[in-house]
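In what follows, a single structure is set out as structure tokens and then discussed.
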Amino acid sequence: LMLAGRVDAVRGARVAARRDACTGNGCAAPDDVTEWLLEPEGAGPVTVAVRPLPAAVAAGDARYRHVYIEQGKPVWRALEGGGAASGLSHAAPARPQPVRVLDRYGALLWADGATVREARAAGLSAMLGVAPEHASGVAGMLARVPGGGPQTAMLTLDLPLQQRAQRILECVAWQRGRWDGGACHGGTAPPSSRQAGLVLLDAHSGDILAAAGAGNAPAGAFNWPEVRAFDRANPARSPLRIPAWQHDGGVHRSPGSTFKVVSALGLELAARGDRQLDGLLDGMAPADINRMAHARGYDFGTAAPAYPASGRARITNYHEQGLEHRAQDGRLGLRQALAYSQNTWFAWAAEWSDRSLLGMPDGGMPDVLPLEPGALDGVRPVMAAARKVGFGAAMRLDGGLLPPQFPWSAYDALQSVPSHIDPVQTRHEVRQMAIGLRMQATPLQMAVVSGAIGEGAAVAPRLLQTLNGRMAQTAPLAALDVRLDRIRAGMKGVIDSGTAAGAFGGPALAGVRRGLYGKTGTAPTGEGTATVWFTGWLEPDTLQGQPHRLAFALFVSHSEASGGEHAAPVMAALLADLSRIAGTEGKKPSYPRQ
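Counted the way our numbering counts, the sequence shown spans residues 178 to 771.
Here it is, written out as structure tokens:
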């Protein structure tokens, strides 16, 4: 046994050995925790009588404890510094850090040790800092720059755009309300665990223009001690996390079918050396697809609602429909598979392209593991494509402005939590990976994916634009070096006739629709609920004053709907607002200027 406390007696067993085992910083004495080896005397009960440790002598306890026992009676003591019963100190606040943070056009976001009111209303407290002691916020990070001294930073954020994105996310995503351009109508109380996050970025420069989030517990100076304690105990689920680019590693951040964009990129990589796969991506008659699948021994059929058509572990299509009715001009290919989010097509195509399965419908080595990052890139093309667009690595958002010796910490606001794909052990998990299950992603990651498809090159996001007058570095963009026209056509089909057509079909979005590309996602997480997604980009000059391609992504957890029904309308509302401002009011939305 390992016991915390004082052992008074042992009955029913002989003590064969005992060892002091308390070595941590919280130990008042080595025997606060002890290890015991007991030899039972027979088939009877073993009883160990243990007294609890005196909590009043625990390390650091006096900083929080009001009640003590003296002569058998409880006695109240005020905390050091004049603390009240709530445990919050009324001592003089710490001297504000000499840090100022501005948006891209000079609007003040943080000064005098606090996030300004307009930035708080825009949902930026967790990012900038909820208190001077919030070391992982942007202001706290700048205060940690080696050498000290005043720091003045300009972020890539556009405050008016951020405010608009935050209000629309809270209305349409979190509450499932209707946004009329100025107010929210018809919203309902969301499930207690629902979260939402959104990123809008300039795909050319990587500048993050808006990063909205909803669903975190309230955090501010008023409850900072409690928030800090929770953050230390459970950092992944802390109210200080930024939904736009930090996740908790759980099932509620699976990107679902938005990951099919990455899978499509992997299929294009594999098709460079496989003429039959290239023909499948181009599009074939359903009957020819079925003949090819059966000739290879795969239990795949375009009329079947699931793949394999028989068996226990299967991938099913939405509403358990077949694929044949989605053929265009008598052909099914990558364009149609993306536009109508055909799960079975992607599961089979990914299985075909994965060389660990040895080109066979059964067997193979699906559980092969890489000894180092990238070792399987030549074998598992979907994984290679994911690495190419940033999966598996934290993205640092400082634009190269923080010094090389900066002491980075987990969950710092200027870096993302890596998007992660769970290890593949079975053939069925290869299929699940292809449709965006068993993985975790962030809106920033999926916006980077969409931006890369639009730009034809990897996107390097950044949040820090200048620091003490120095400009952020512009990272050279590495070309994807793969055919992209079929992926782009599929993402255009999502908007024009596919899974997001309902969200963008109104006359208010006619001008936006011509330059819009997208992909919806619905990742089931429970009985009747899912995490829903929408990602894509807007071509340059679609909106007045928009010189560069804009990439975006958003998610909503604990949704009862699909990505096309719940997530896509969020971006539709935001783009409708921006279009109205640019057109009806004759104003230019503030975008990065040339």
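Glycine included, each C-beta is placed from N, C-alpha and C at the ideal position.
Keep in mind the model is a prediction, meaning the values are calculated, not measured.
Give the single residue among the options whose Cα lies nearest to the Cα of residue i.
i	options	result
LEU346	SER756, ALA759, ILE758, ALA750	ALA750
ALA634	PRO620, ALA618, GLN721, ALA655	ALA655
PRO463	ARG473, GLY450, PHE477	PHE477
GLY314	GLY326, GLY324, LEU301, PRO323	LEU301
GLU445	ALA490, GLY433, ASN393, LEU511	LEU511
THR200	ALA366, THR211, PRO581, ASP539	THR211
VAL184	ARG228, LEU752, ASP289, GLU218	ARG228
ASP289	GLU716, LEU305, ALA298, TYR282	LEU305
THR365	ALA312, PRO482, VAL349	VAL349
GLU295	GLU247, ARG344, LEU578	ARG344
TYR588	ARG195, THR292, ASN411, ASN645	ASN411
SER736	GLY456, SER369, PRO581, SER586	SER369
ARG726	VAL689, PHE732, PRO746	VAL689
ASP459	ILE492, PRO395, ARG405, ALA526	ALA526
LEU715	PHE681, ARG573, VAL709	PHE681
PRO595	THR619, VAL601, PRO581	THR619
ARG491	ILE466, THR603, PRO395, ALA342	THR603
TRP213	VAL225, ALA448, ALA480	VAL225
THR292	ALA303, TYR282, GLY283	ALA303
VAL671	GLN513, HIS496, GLY189, PHE407	GLN513
VAL625	MET461, PRO580, HIS243, THR435	THR435
By DSSP, does residue i sit in helix, in strand, or in coil?
i	result
SER756	helix
VAL307	coil
GLN642	strand
LEU457	helix
MET748	helix
GLY283	coil
TYR694	strand
GLN771	Only weak support is given to the placement of GLN771: the predicted model assigns it a pLDDT of 35, under 50, and the question is left unresolved by the model.
GLY390	strand
LEU204	Residue identity check: residue 204 is Cys in the sequence provided, not Leu. Residue state, collapsed to three classes: coil.
ASP384	strand
LEU334	coil
HIS725	coil
GLN352	coil
PRO275	coil
ARG191	strand
PHE142	The question about residue 142 has no answer here: the residues shown for the chain are numbered 178 through 771.
ILE246	strand
VAL227	strand
SER736	strand
PRO550	coil
GLY259	Only weak support is given to the placement of GLY259: the predicted model assigns it a pLDDT of 42, under 50, and the value that follows is read from those uncertain coordinates. Of the three classes helix, strand and coil, the one that applies to GLY259 here is coil, per DSSP.
THR702	strand
GLY433	helix
THR329	strand
LEU378	strand
Please classify residue i: is it buried, with 16 or more other beta-carbons within 10 angstroms of its beta-carbon, or exposed?
i	result
GLY426	exposed
PHE568	buried
TYR484	buried
GLU528	buried
ASP506	exposed
GLU632	buried
MET648	exposed
MET668	buried
THR719	buried
THR676	buried
PHE399	exposed
LEU578	buried
TRP253	exposed
SER487	exposed
LEU755	buried
THR651	exposed
ALA186	exposed
Would you say residue i lies against chain D (beta-carbon separation less than 8 Å)?
i	result
ALA486	Here there is only one protein chain, and chain D is not present.
For the ligand SAM, is there any heavy atom lying closer than 7 Å to the beta carbon of residue i?
i	result
PHE407	In terms of ligand content, the structure shown is empty, and the ligand SAM therefore cannot be addressed.
Given 8 Å as the limit, is there contact between the stretch 609-625 and the stretch 681-690, that is, 3 or more CB pairs closer than that? no
Tell me, please, whether the stretch 328-345 touches the stretch 372-385 by the rule of three or more beta-carbon pairs shorter than 8 Å. yes
Where are the beta strand (DSSP E) runs, 3 residues long or more, that stay fully inside the stretch 560-626, in chain order? none
Flag this pair as touching only if the stretch 638-647 and the stretch 383-402 have three or more C-beta atom pairs under 8 Å; answer yes or no. yes
Contact between the stretch 555-572 and the stretch 437-456: three or more CB pairs below 8 Å? yes
Cβ contact check for the stretch 600-610 and the stretch 517-534: 3 or more pairs under 8 Å: yes
Three Cβ pairs or more, each shorter than 8 Å: is that satisfied between the stretch 692-706 and the stretch 735-754? yes
Is the stretch 315-334 touching the stretch 275-291 in the sense that three or more CB pairs, one from each, lie closer than 8 Å? yes
Go through the stretch 463-496 residue by residue and report every complete run of the alpha helix (DSSP H) that reaches 4 residues or more, in order. 463-472
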